[in-house]
Every structure is written in C-alpha cells, then in structure tokens.
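For reference, the structure is listed below as structure tokens.
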Amino acid sequence: MAGPLVELRHVSKSFGSVYALQDINLALHEKEIVSLLGDNGAGKSTLTKIISGVHSPDEGELYIKGNKVVRWNAARARLMGIETVYQDKALAEHQNVISNIFMGREIATRLGFINGRRQRQEAEALMRRIGFTSKVMSPNSVVSSLSGGEREGVAIARSMFFKADLIILDEPTTALSLTQSQEVLNFVERARQEGSAVLFISHNIFHSHQVADRIVIVDRGRIAAQMGKKDISAIELTELMQDLAKGREVLARKGDAISLEETSEIPSSQTDRRSLA
Amino acid sequence: MITDQKAPPQEQLTRRPRGVVSFLAQHRELASALAFFVLMMLVFTIASPSVWLNSLSYTAVFVSLPIYIILVVPLVFVVVAGEIDLSFASVVGVAALVFSELVLVGWNPYLCLVLAILAGGVAGLINGILVAYFGLSALIVTLGMNFFWRGFIQIITNGTGAPLAFLENTSFHNVFVGQVGIIPVQMLWAAGFAILGIVLFTYHKFGAYVRFVGDNSQSAQEMGINVRLVKVVSFVYVGLASGLVGVLAILINNNFYPTVGDGYLLTVLAAIFVGGTPGIGGIGTVAGGIIGAFTVGFIESGIVAAGLTGYWTQFIYGIVIVLSLVTHRLYSPHHKT
Numbered sequence: 001m002a003g004p005l006v007e008l009r010h011v012s013k014s015f016g017s018v019y020a021l022q023d024i025n026l027a028l029h030e031k032e033i034v035s036l037l038g039d040n041g042a043g044k045s046t047l048t049k050i051i052s053g054v055h056s057p058d059e060g061e062l063y064i065k066g067n068k069v070v071r072w073n074a075a076r077a078r079l080m081g082i083e084t085v086y087q088d089k090a091l092a093e094h095q096n097v098i099s100n101i102f103m104g105r106e107i108a109t110r111l112g113f114i115n116g117r118r119q120r121q122e123a124e125a126l127m128r129r130i131g132f133t134s135k136v137m138s139p140n141s142v143v144s145s146l147s148g149g150e151r152e153g154v155a156i157a158r159s160m161f162f163k164a165d166l167i168i169l170d171e172p173t174t175a176l177s178l179t180q181s182q183e184v185l186n187f188v189e190r191a192r193q194e195g196s197a198v199l200f201i202s203h204n205i206f207h208s209h210q211v212a213d214r215i216v217i218v219d220r221g222r223i224a225a226q227m228g229k230k231d232i233s234a235i236e237l238t239e240l241m242q243d244l245a246k247g248r249e250v251l252a253r254k255g256d257a258i259s260l261e262e263t264s265e266i267p268s269s270q271t272d273r274r275s276l277a
Numbered sequence: 001m002i003t004d005q006k007a008p009p010q011e012q013l014t015r016r017p018r019g020v021v022s023f024l025a026q027h028r029e030l031a032s033a034l035a036f037f038v039l040m041m042l043v044f045t046i047a048s049p050s051v052w053l054n055s056l057s058y059t060a061v062f063v064s065l066p067i068y069i070i071l072v073v074p075l076v077f078v079v080v081a082g083e084i085d086l087s088f089a090s091v092v093g094v095a096a097l098v099f100s101e102l103v104l105v106g107w108n109p110y111l112c113l114v115l116a117i118l119a120g121g122v123a124g125l126i127n128g129i130l131v132a133y134f135g136l137s138a139l140i141v142t143l144g145m146n147f148f149w150r151g152f153i154q155i156i157t158n159g160t161g162a163p164l165a166f167l168e169n170t171s172f173h174n175v176f177v178g179q180v181g182i183i184p185v186q187m188l189w190a191a192g193f194a195i196l197g198i199v200l201f202t203y204h205k206f207g208a209y210v211r212f213v214g215d216n217s218q219s220a221q222e223m224g225i226n227v228r229l230v231k232v233v234s235f236v237y238v239g240l241a242s243g244l245v246g247v248l249a250i251l252i253n254n255n256f257y258p259t260v261g262d263g264y265l266l267t268v269l270a271a272i273f274v275g276g277t278p279g280i281g282g283i284g285t286v287a288g289g290i291i292g293a294f295t296v297g298f299i300e301s302g303i304v305a306a307g308l309t310g311y312w313t314q315f316i317y318g319i320v321i322v323l324s325l326v327t328h329r330l331y332s333p334h335h336k337t
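In order, the protein sequence lines correspond to chains A and B. Numbering of the first sequence is given in our numbering, commencing with residue 1 and proceeding in unit increments. Numbering of the second sequence is given in our numbering, commencing with residue 1 and proceeding in unit increments.
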C-alpha cells in the first residue's frame with residue numbers, strides 16, 4: 001500500500017478570523033492507536049472532524065492510503081472505512097444491541113426484509129470475539145439497560161462490524177466509572193486486534209497514555225508535540241500538559257510579545273526525549 | 001486485555017428461550033394486553049353467559065371490529081415514530097365521500113375504491129409533509145386537518161347523506177362486506193391487513209426504521225436513515241388505511257353520511273394505548289394494538305349484554321383504559337419512568 005492510512009499535509013482551517021488549525025502535518029498508520037491530547041479549543045475536534053469529513057480543510061491536502069482525496073464529506077469518509085463514534089454514541093435507547101449494531105445497515109433481502117437470524121449470529125460472533133459479553137448482557141439486551149461503558153462498547157462494536165480501517169473515538173471515557181473506562185480501553189485494544197486503527201480523543205491523560213502507541217498533542221491549532229508511548233511516562237505526560245497550559249498563561253499575559261513557536265519549546269528536562277514539532 | 005474466559009460458552013449465548021410462555025415473557029406489553037382482554041371477556045361472560053357463549057354475538061361485533069383493526073395497525077407505526085395523527089377520522093370521511101360521489105355517477109366501484117384509498121393516501125401525504133418537512137407539531141397539524149377535512153365534507157355535501165343501497169348484493173359488496181359462514185368478510189380483510197402490518201413492523205426495515213426514528217431521530221439520521229421519509233411514509237400508511245375504512249364503513253351501512261368516521265378517533269387511539277404502545281417514541285406493538293382493538297370493540301356489546309344501558313359505555317371505557325394502563329405500568333419495563 002502506498003502511504004499511511006490517513007495523512008494530513010499542511011492542513012489549515014479557520015472559522016471566520018480564528019485559526020482553528022494551522023499547517024498540520026499528521027499521519028495515522030494501519031492498526032495504530034493514536035491518542036490526541038489538547039486543551040479545550042486546542043483544535044482537537046476540528047482536526048477529527050476534518051478526518052471524518054464533517055469539515056473540509058481551507059488549505060492543505062488529505063491523503064487516504066496514499067491517494068489524495070477531493071470533495072471529502074462524512075458519507076465518503078464512511079465509505080473509505082473511517083467510522084466516528086461521537087459523544088452521543090448514536091444509539092437508540094429502547095432497541096436491543098443487535099438492532100443498534102446494524103442500525104441503518106441491516107442485513108436484509110432486496111425487498112427489505114431483515115434477516116434477523118443472521119444479524120443475531122453475526123452480532124453474537126462479534127461480541128464474543130471482542131469479549132463484549134457478560135451474564136447480564138446479551139445481544140438481545142435493550143440499550144437502556146446497559147451501563148455507560150457497555151453503551152460505548154456497542155458503538156465501538158458497530159464500527160468494528162463494518163471493518164473500519166480507522167475508528168475515531170470522541171471522549172469515549174468521559175463520565176464513565178473506573179471499571180467502565182477500563183472496559184472501553186479494552187475494546188480499543190480489541191479493535192486494533194480486529195485490524196482497525198484508532199484515533200482516541202480524551203481529556204484523561206492516563207487513559208490516553210495507557211491505550212496509545214503514539215501520543216499527539218495539539219495546542220492552539222498546531223501540533224505541539226508527538227511521541228511514542230515508550231518515550232514518556234503518564235506522569236511525565238501530565239507534567240508536559242501542565243507546562244503547555246502554563247505556556248499559554250504566559251502567552252495570555254504577554255500577548256503578541258511571544259510567538260507561537262517560542263511557546264512550543266517546553267521548559268522541561270525531558271525535551272531531548274521528545275520530537276518537538 | 002479481556003481473556004476469552006470471560007465470554008460465556010457459545011450455546012449459552014445462542015440459546016433463545018422458546019414456547020408461548022417465554023414469548024409472552026419477552027413481549028410483556030403484548031402479554032398484559034392479552035391478559036387484560038381475556039379478563040374482560042371473562043367478566044362479560046360471567047355477567048351474561050347466554051350472550052357470550054353464543055357465536056352470533058361475536059359475528060355482530062366482527063362487523064365493525066375490522067374498522068378498528070385497520071386503523072390501529074398503521075397508527076401504531078406513527079405513534080412509535082414519535083408522532084400522532086388525529087386527522088384519520090375525517091380522512092375516513094373524505095375517502096367515503098370520494099367513493100360515494102363517484103359510484104353514484106356510475107363509475108366502476110372497484111375503481112372508486114382505489115381512488116378513495118388514494119385520496120386517503122394524499123391526505124396522509126399532506127400530514128407527513130407538514131410534519132416532517134415543515135417541522136410542525138403533528139398533534140396540532142393533524143388536529144387542524146381533522147377540522148379541515150370534516151368541514152370540507154360538510155361544505156361539499158351541504159350536510160346531507162346519500163343512499164348506497166343499490167350496491168347491496170352486488171359482487172363488489174359481497175367481496176368486501178359480505179359474509180362467509182358466520183364470519184363477516186371484512187374481518188378477513190382486516191386479518192390480512194393485520195398480518196401485513198405485523199410483518200412490516202417486526203421483520204421489515206421499515207418497521208425497524210420507524211422504531212429508530214421514534215427512539216432517537218438524531219442517531220437515526222447519523223446512521224444514514226432518511227428520518228423525514230420514514231415519517232412521511234408512516235402518515236401515508238395511515239391515510240391509505242383510512243381510505244379503505246371509509247369505503248368499508250359506508251358499505252356496511254349502505255349509506256354515505258357526512259359524519260362517517262367521527263366516532264373512531266378516540267376509540268382507535270384508546271385501542272393503541274390499551275394495546276401496550278405507551279406513546280413514547282421507539283416503543284410499541286402492532287399485535288398488541290390489534291388486541292387493544294378487540295378490547296375496545298367488545299366493550300360496548302359487553303356492557304349492553306350485561307344489562308347496563310348504553311349510557312354506561314363511556315364510563316366503562318374510561319375505567320378500562322385507565323386500568324389497562326395501570327396493568328402495563330406494573331408489568332412492562334418500558335412503562336416505568
């Protein structure tokens with residue numbers, strides 16, 4: 001295959017006079033889990049929405065498997081194997097797990113009759129494979145009876161069923177308990193074993209660190225740093241994020257006196273272990 | 001990492017309980033609607049055994065019951081889609097008007113039937129477009145359309161009826177409202193219509209989409225379902241059924257009258273709720289609605305047979321509806337808040 005799964009080259013996006021993203025270069029590889037970290041307003045969601053086709057970039061190019069894409073939109077992103085699990089998870093509460101997995105993409109005859117037996121078998125096989133079963137939960141369970149972690153699992157299972165090359169998870173562990181978060185992180189690992197790459201967006205540095213192969217930090221519309229998981233510990237990552245936040249405070253105080261490039265040089269003894277953008 | 005030990009063995013997952021008891025356990029709304037109907041008929045039979053142990057009493061009820069069934073089936077789709085249609089009673093009248101006007105000038109009755117059903121479909125299409133594309137409240141729009149169509153009928157007919165006795169004993173009449181043995185033919189049409197509705201609701205994408213749309217229309221949209229189209233089709237379905245009912249109703253009476261359909265509104269809605277469709281989008285049962293239609297259809301005859309005057313009817317309706325909702329609330333997880 002020519003080139004990485006998804007590659008952004010010199011991508012910029014602005015809303016009105018505000019630069020949301022500036023000259024972003026980022027590549028996501030097959031079966032790789034990438035954690036995207038950054039403060040509110042750093043540009044995380046703009047970046048993911050460009051990949052998922054919700055926004056189109058003002059400048060720069062997007063390549064999928066080495067091919068430049070034109071007229072990018074959400075429907076085409078899905079066709080190209082990019083599935084996004086938004087925070088609302090797009091689940092129908094009163095329907096069962098099977099219906100939700102196949103929502104809008106039922107296994108049906110040409111006349112539209114649903115092959116319920118095959119859907120159940122396929123759903124069961126998938127759920128067993130990813131370890132997404134328990135005594136209280138079956139494919140016939142109604143979503144409203146599931147925990148937050150299980151709901152996230154249904155949404156992830158849905159993207160896995162359709163053999164997504166890339167699954168984008170937007171804040172999947174927000175508002176979840178410790179054990180439920182752990183379940184979700186396990187699903188992420190399973191998704192990779194099933195052959196998907198995952199872009200994991202979270203405010204939780206420890207979740208991001210635990211699950212990732214690579215960590216990408218976005219700050220004020222730029223990629224501030226990216227590093228392999230083995231190059232940094234979760235504690236060091238926390239310090240790094242705090243330093244970034246302080247850098248911003250300095251910037252806010254001094255205004256235009258500090259340029260963006262200067263603030264991305266993080267005052268830390270770990271600098272040599274990171275590749276700074 | 002989750003190990004495979006956590007996953008239950010295959011047979012445990014795939015084994016699905018079978019048999020009537022477990023079916024009813026999985027479909028609690030249906031079960032409680034059925035239980036309520038059986039209980040009610042038991043009370044009626046104890047009150048007047050001579051009536052309810054005689055099959056002719058059932059024949060009498062089966063003359064008008066089909067009308068409730070045919071209206072209930074598509075209305076469940078609309079209610080499950082998270083909407084409501086209060087205009088079908090007048091749409092029944094419009095279809096009846098179309099049929100009687102055309103058949104009176106000598107058109108082929110089968111053609112007139114088709115046109116009457118289509119007229120109902122157009123009325124449903126208008127409702128659907130106003131709700132789905134103009135984003136108007138279904139409750140208010142269809143209430144308005146109910147007045148509109150009834151007024152339309154009154155203006156066209158000057159409030160007068162039209163005799164259709166000349167159709168009696170024609171093959172057309174016998175095909176739709178004749179009698180096979182002790183069963184009125186319209187009951188067979190209703191049975192076919194009901195089976196079609198249950199199949200659509202349970203096994204077809206349309207039924208699934210209706211549930212998704214009513215449950216969470218934003219999610220349905222995100223997953224690529226055409227939410228507006230699903231709503232419009234549901235309203236058209238009600239319209240087409242109302243068209244069929246309009247013709248059946250005047251054939252049964254051998255007479256067109258400008259208020260035809262008026263009495264169906266509240267009873268049909270009651271049948272849906274009695275049948276276990278709670279009126280929360282995404283949840284409902286067509287089969288239960290049909291049982292609800294039976295419940296509602298038998299109440300009046302049951303009351304009169306029990307020796308009470310017709311004045312008791314509405315009072316007992318009220319009791320039955322409230323009691324059945326309490327039953328659902330107690331036995332169905334969906335009805336809990």
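Every residue, glycine too, gets a C-beta built ideally from N, C-alpha and C. Keep in mind that this is a model prediction, so the values were computed, not measured.
For B/Val-94, the enclosing alpha helix (DSSP H) covers residues 88-104.
Taking a contact to require three or more Cβ pairs closer than 8 Å, the segment 158-168 of chain A and the segment 8-26 of chain A do not qualify as touching. Residues of the segment 190-215 of chain B that bring their beta carbon within less than 7 Å of a beta carbon in chain A comprise Tyr-203, His-204, Lys-205, Phe-206, Ala-208, Arg-211, Phe-212, Asp-215, in sequence order.
Judged by their CB atoms, B/Thr-267 and B/Thr-277 are not nearer to each other than the 8 Å cut-off. The Cβ atoms of B/Val-79 and B/Ile-272 lie closer than 8 Å to each other.
Of all residues in the segment 90-112 of chain A, the ones placed with a Cβ closer than 9 Å to any Cβ belonging to chain B are Ala-90, Leu-91, Ala-92, Glu-93, His-94, Gln-95, Ser-99, Asn-100, Phe-102, Met-103, Gly-104, Arg-105, Glu-106, Ala-108, Leu-111, Gly-112, in chain order. A buried status is given to A/Gly-38, since no fewer than 16 other beta-carbon atoms sit within 10 Å of its beta-carbon. Restricting attention to B/Arg-228, B/Gln-186, B/Gly-243, the CA atom closest to the CA of B/Ala-60 is found in B/Gln-186. Within its own chain, the residues whose Cβ lies closer than 7 Å to the Cβ of B/Ala-89, once the five positions on either side in sequence are excluded, are Asn-146, Gly-261, Asp-262, Tyr-264, Leu-265, listed in chain order.
Annotation: Cβ neighbours of A/Gly-116 in chain B (cutoff 8 Å, chain order): Tyr-203.
In this structure, DSSP gives A/Asp-213 a state outside helix and strand, which the three-state scheme calls coil. According to DSSP, residue pairing for A/Phe-200 in a beta bridge involves A/Ser-35, A/Leu-169. Within the model, the alpha-carbon separation for A/Ile-223 versus A/Leu-21 is close to 9 Å. Comparing alpha carbon positions, the residue from B/Cys-112, B/Phe-166, B/Ala-270 closest to B/Ile-319 is B/Ala-270. The alpha-carbon separation between B/Tyr-237 and B/Tyr-110 amounts to approximately 20 Å. Legend: CB atoms of the segment 221-237 of chain B lying less than 8 Å from CB atoms of chain A belong to residues Glu-222, Met-223, Gly-224, Ile-225. Rounded to the nearest angstrom, the gap between the Cα atoms of B/Leu-39 and B/Ala-33 is 10 Å. Between the C-alpha atoms of A/Ile-33 and B/Val-122 there is a straight-line separation of about 53 Å. When Cβ-Cβ separations below 8 Å define contact, B/Gly-282 makes contact with chain A.
Put simply, the backbone Cα of B/Gly-178 is about 58 Å away from that of A/Asn-73. Between the C-alpha atoms of A/Phe-113 and A/Arg-220 there is a straight-line separation of about 50 Å. Relative to the Cα of B/Leu-325, the nearest Cα in the group B/Ala-25, B/Ala-35, B/Phe-298, B/Ala-306 belongs to B/Ala-35. Using a 10 angstroms sphere on the CB of A/Thr-179, the tally of other CB atoms stays under 16, which defines it as exposed. In this structure, DSSP gives A/Arg-105 a state outside helix and strand, which the three-state scheme calls coil. Scanning A/Pro-57, A/Ile-50, A/Val-211, A/Ser-99 for the CA closest to the CA of A/Ile-82 turns up A/Ile-50.
Following the DSSP letters along the chain, one finds A/Arg-222 inside the beta strand (DSSP E) bounded by residues 222-228. Between B/Ser-22 and chain A, the shortest Cβ-Cβ separation is not below 8 Å. Distances from the CA of A/Pro-172 to each of A/Leu-237, A/Gln-193, A/Met-160, A/Leu-199 were compared; the closest alpha carbon is that of A/Leu-199. In the pairwise beta carbon analysis, the segment 96-104 of chain A is classified as touching the segment 216-229 of chain B: at least three pairs are separated by under 8 Å. Closest in alpha carbon position to A/Ala-245, among A/Thr-46, A/Ser-52, A/Ile-215, A/Asn-40, is A/Asn-40.
With a contact defined as Cβ atoms closer than 8 Å, A/Ala-92 and A/Asn-100 qualify at about 6 Å. Between A/Gln-226 and A/Ile-217, the CB-CB gap stays under 8 Å. Of the candidates B/Leu-244, B/Ile-280, B/Ala-305, B/Gly-281, B/Leu-244 places its Cα closest to the Cα of B/Ala-96. Annotation for A/Ile-156: the continuous alpha helix (DSSP H) segment containing it runs 148-161. For B/Val-199, the enclosing alpha helix (DSSP H) begins and ends at 185-203.
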